[in-house]
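K.L.:
Just so it is clear: in the sequence shown, position 120 is 120 by the UniProt record's numbering, and no numbers are missing. Mind having a look at this structure? Questions to follow.
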Amino acid sequence: MAKLRAFKIVFNQLSKEYGLNDTPYIFAETSSRNKAIADNENNLIRSTLELASAMIAGADAVFSTNYQINRSTDISEEISFKQQIVLAYESIINVFEDASNGSYYVEDITRQIAEKTWTWFIEIEEGGGYLELLKQGSIQKKIYDQAVEEQKWVEEGKIKLIGVNLYPKLDVKRSIGDMYSEKEIKAVRWAEMFE
């Protein structure tokens with residue numbers, strides 16, 4: 001929720017810097033990062049919360065990816081589709097422009113993310129721009145470092161995933177080195193370590 005709200009703040013700040021008056025169109029999609037192959041029920045709950053958060057944060061459109069990782073069925077596709085329809089038509093969260101406005105917790109996290117993002121944006125500009133830093137490999141390195149740090153938090157239980165590292169269904173564990181490469185940016189689900 002706070003990430004989408006922070007994106008709007010940074011986008012508006014950037015637009016002002018360039019003398020533009022554009023409004024971002026935000027298309028939010030549920031993440032596979034926090035999903036587990038062997039835990040469809042919790043995946044469904046997580047994706048519903050993600051959709052609700054995106055709607056509350058003011059996303060213009062939302063899409064729910066299949067909650068069944070690596071195996072899609074007609075029923076799972078239908079349920080994933082109906083999640084967003086039920087939230088849109090049977091709740092009032094998509095009626096308000098910014099339903100989380102005024103929440104101290106959400107406002108504070110939004111501010112922190114926006115400030116860090118703007119600082120990073122300035123660092124990228126001062127470093128020669130996004131493409132230059134991409135050629136140098138420093139963008140990949142930053143993404144790699146953050147991904148490995150988050151994976152360690154999952155491994156240590158600082159980030160809790162029910163059915164994965166808290167009340168796990170399986171007793172399997174892979175190393176972080178097997179999952180991440182500093183030279184390759186790729187999507188890795190946190191639960192992969194335990195599958």
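Glycine included, C-beta positions come from ideal geometry on N, C-alpha and C. All figures in this text were calculated on a predicted structure; none of them were measured in a lab.
#1: Pop quiz: Asp39 and Gly163 are said to be a contact at Cβ under 8 angstroms. What is the actual Cβ separation, rounded to whole angstroms?
#2: Determine the extent of the alpha helix (DSSP H) in which Phe11 is found, giving its start and end residues.
#3: What separation, rounded to the nearest whole angstrom, lies between the Cα atoms of Phe63 and Ser100?
#4: Strictly by DSSP, which residues pair up with Ala61?
#5: Put Ile93 into one of helix, strand or coil per three-state DSSP.
#6: Report back the beta-carbon spacing between Ala61 and Phe27 to the nearest angstrom; my notes put them in contact at under 8 angstroms.
#7: In the DSSP output, what is Ser181 paired with across the bridge?
#8: Which residue comes first and which comes last in the alpha helix (DSSP H) that contains Glu115?
#9: Should Trp153 be flagged as near chain D, meaning a C-beta pair shorter than 9 angstroms?
#10: Assign Phe194 to buried or exposed, taking buried as 16 or more other Cβ atoms, counted over all protein chains shown, within 10 Å of its Cβ.
#11: So the candidates are Glu182, Ile79 and Phe96; which of them puts its Cα closest to the Cα of Lys141?
#12: Is it true that the CB of Ala191 sits closer than 9 angstroms to the CB of Ala36?
#13: Identify, in the order they occur along the chain, each residue of the same chain with its Cβ nearer than 7 angstroms to the Cβ of Leu4, setting aside the five sequence neighbours on each side.
#14: In angstroms, rounded to a whole number, what distance separates the CA positions of Met1 and Gln13?
#15: In whole angstroms, what is the alpha-carbon distance linking Glu149 and Glu155?
#16: Tell me, which residues are paired with Ile162 by DSSP?
#17: Does the separation of the CB atoms of Arg174 and Asn34 fall below 9 angstroms?
P.N.:
So, from the data block:
#1: Counting from 1 along the sequence shown, the entry for residue 39 is found at position 39. Counting from 1 along the sequence shown, the entry for residue 163 is found at position 163. For a cut-off of 8 angstroms, the C-beta gap from Asp39 to Gly163 is around 4 angstroms, short enough to register as a contact.
#2: Stepping through the sequence shown from its first residue, residue 11 is reached at position 11. Note, Phe11: alpha helix (DSSP H), Ala2 to Glu17.
#3: In the sequence shown, residue 63 corresponds to position 63, counting from 1. In the sequence shown, residue 100 corresponds to position 100, counting from 1. C-alpha separation (whole angstroms): 20 angstroms.
#4: Within the sequence shown, the letter at position 61 stands for residue 61. Ala61 pairs with Phe27.
#5: Here the question's residue 93 lines up with position 93 in the sequence shown. For Ile93, the secondary structure class from DSSP, reduced to helix, strand or coil, is coil.
#6: In the sequence shown, counting from the first residue as 1, residue 61 sits at position 61. In the sequence shown, counting from the first residue as 1, residue 27 sits at position 27. Rounded, the Cβ-Cβ distance is 5 angstroms, consistent with contact.
#7: Translated into the one-based positions of the sequence shown, residue 181 becomes position 181. Looking at the DSSP output, Ser181 sits in a beta bridge with Glu184.
#8: Residue mapping note: residue 115 aligns to position 115 of the sequence shown, counting from 1. Run containing Glu115: Tyr104 to Glu126, per the alpha helix (DSSP H) assignment.
#9: Among the chains of the structure shown, chain D does not appear; only one protein chain is present.
#10: Looking up residue 194 in the sequence shown gives position 194. Per the 10 Å Cβ criterion, buried.
#11: Translated into the one-based positions of the sequence shown, residue 141 becomes position 141. Closest in C-alpha terms to Lys141, from the list Glu182, Ile79 and Phe96, comes Glu182.
#12: Counted from its first residue, the sequence shown places residue 36 at position 36. Counted from its first residue, the sequence shown places residue 191 at position 191. Going by beta carbons, Ala36 and Ala191 fall inside the 9 angstroms limit.
#13: Taking the sequence shown and counting its residues from 1, one reaches residue 4 at position 4. Setting aside the 5 residues that flank it on each side, Leu4 is surrounded in the same chain by Ile26, Ala28, Ala54, Ala57, Gly58 and Ala59, each with a C-beta closer than 7 angstroms to its C-beta; the list follows chain order.
#14: Your numbering for residue 1 matches position 1 in the sequence shown. Your numbering for residue 13 matches position 13 in the sequence shown. One Cα belongs to Met1, the other to Gln13, and the distance between them is close to 19 angstroms.
#15: Stepping through the sequence shown from its first residue, residue 149 is reached at position 149. Stepping through the sequence shown from its first residue, residue 155 is reached at position 155. Taking the straight line joining both Cα atoms gives about 10 angstroms.
#16: Residue mapping note: residue 162 aligns to position 162 of the sequence shown, counting from 1. According to the DSSP secondary-structure assignment, Ile162 is paired through a beta bridge with Leu166.
#17: In the sequence shown, the residue the question calls residue 174 occupies position 174. In the sequence shown, the residue the question calls residue 34 occupies position 34. The answer is no: Cβ separation not under 9 angstroms.
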